[in-house]
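Student: Following this note's numbering, the numbering of the sequence shown begins with 84 at its first residue and continues without gaps.
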Amino acid sequence: MKLTQFDRALIHGLAVLSRPPLTPDPGEHAMLADIVAKCAEQATRDGAMLPLIQAAAQVGRTPAIHRGTVHLIAAAMNDFDRWALGAHWDAARGVK
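(1) Taking buried to mean at least 16 other C-beta atoms within 10 Å of its own C-beta, is Ile156 buried or exposed?
(2) Cα-Cα, which of Gly96, Ala92 and Ser101 is closest to Gly151?
(3) Report buried or exposed for Ala139, applying the criterion of at least 16 other Cβ atoms within 10 angstroms of its Cβ.
(4) Pairs of beta-carbons, one from the stretch 89-106 and one from the stretch 114-132, closer than 8 Å: are there three or more?
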């Protein structure tokens with residue numbers, strides 16, 4: 084699967100949002116949530132990206148709301164990371 088720049092930005096944005104700081108900055112959170120939403124609109128609607136696009140819809144608009152949904156985003160990121168690790172490990176070993 085070839086990732087677009089929107090895909091990559093979505094992946095990294097969700098990674099940051101899956102580990103919120105103990106004392107979040109509302110302005111930074113709003114910026115990240117906006118970037119993730121815009122990237123999700125343009126992301127590849129296929130395969131391993133679909134759960135991440137769905138996870139992007141779970142991002143809370145405020146840090147307080149986000150605390151209640153962060154576990155859903157973390158679970159989607161963990162699943163994606165397991166998939167990517169397997170794909171890259173197979174490629175590194177020459178397995179198709």
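Glycine is no exception: its CB is placed at the ideal position from the N, C-alpha and C atoms.
Tutor: If we stick to the structure as given:
(1) The residue labelled residue 156 in the question sits at position 73 within the sequence shown. Ile156 comes out buried.
(2) As a first step, residue 151 is located in the sequence shown; it is residue number 68 there, counting from the start. Considering only Gly96, Ala92 and Ser101, the residue with the shortest C-alpha distance to Gly151 is Ser101.
(3) For the purposes of this step, residue 139 is identified with residue 56 of the sequence shown, where counting begins at 1. By the 10 Å Cβ count, Ala139 comes out buried.
(4) Yes: at least three Cβ pairs fall under 8 Å.
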